[in-house]
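Have a look at the structure below, then the notes.
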Amino acid sequence: MKKAVLDRFEDHDLAVLLIGENEKEYNVSRSILPKEVKEGSHLFVKLENDIVHSVTLDEEATKATENRIHNKMDKLREMKKMKRRSK
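Everything in the sequence shown is counted per the numbering used here, starting at 136 for the first residue and increasing by one.
Take a look at the structure:
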């Protein structure tokens, strides 16, 4: 299994996955993805002969990324508030 990130959806039925450390792009049918995935979701993918055969959600990595982004946004908002107060 390799790690991947759901980069984006294209059209109605395609998803672009960035797979591995080099983030190689793979276009896959949206139908093979778990229903709960969204752009930015972390995934485990099974590749055979450079073809994606299965995709599962990496809930732990997805949640960790969401928390990290949320914390950064909170810090930015706080910095913005402090900047306004100092004027």
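Glycine included, every Cβ here is placed at the ideal spot set by N, Cα and C.
With distances taken Cα to Cα, identify the nearest neighbour of residue i among the options.
{"i": "S164", "options": "N202, H147 and L182", "result": "H147"}
{"i": "V180", "options": "A199, I154 and H205", "result": "I154"}
Hey, quick one: how far does the beta strand (DSSP E) through residue i stretch, first residue to last?
{"i": "E183", "result": "H177 to E183"}
{"i": "K138", "result": "K137 to E145"}
{"i": "S166", "result": "Counting along the chain, S166 falls outside any beta strand (DSSP E), and DSSP gives it neither H nor E."}
Can you find the residues in the same chain that come closer than 8 Å, C-beta to C-beta, to residue i, ignoring five residues on each side of it along the sequence?
{"i": "E174", "result": "L141, D142, R143 and F144"}
{"i": "L182", "result": "K137, I154 and H188"}
{"i": "G166", "result": "The sequence shown places Ser at residue 166, not Gly. Within the same chain, S166 has close Cβ partners D148."}
{"i": "N184", "result": "none"}
Residues in its own chain within less than 7 Å of residue i by CB, not counting five upstream and five downstream?
{"i": "V151", "result": "D142, R143, E145, E160 and N162"}
By how many angstroms is the C-alpha of residue j removed from the C-alpha of residue i?
{"i": "K137", "j": "L168", "result": "15 Å"}
{"i": "E194", "j": "K218", "result": "36 Å"}
{"i": "T197", "j": "S221", "result": "36 Å"}
{"i": "M208", "j": "E171", "result": "23 Å"}
{"i": "H205", "j": "A139", "result": "21 Å"}
{"i": "H177", "j": "E201", "result": "10 Å"}
{"i": "E156", "j": "A199", "result": "18 Å"}
{"i": "I186", "j": "E158", "result": "15 Å"}
Please report the residue range of the alpha helix (DSSP H) in which residue i lies.
{"i": "K218", "result": "E194 to R220"}
Given 8 Å, three or more beta-carbon pairs between the segment 208 to 217 and the segment 177 to 194: no
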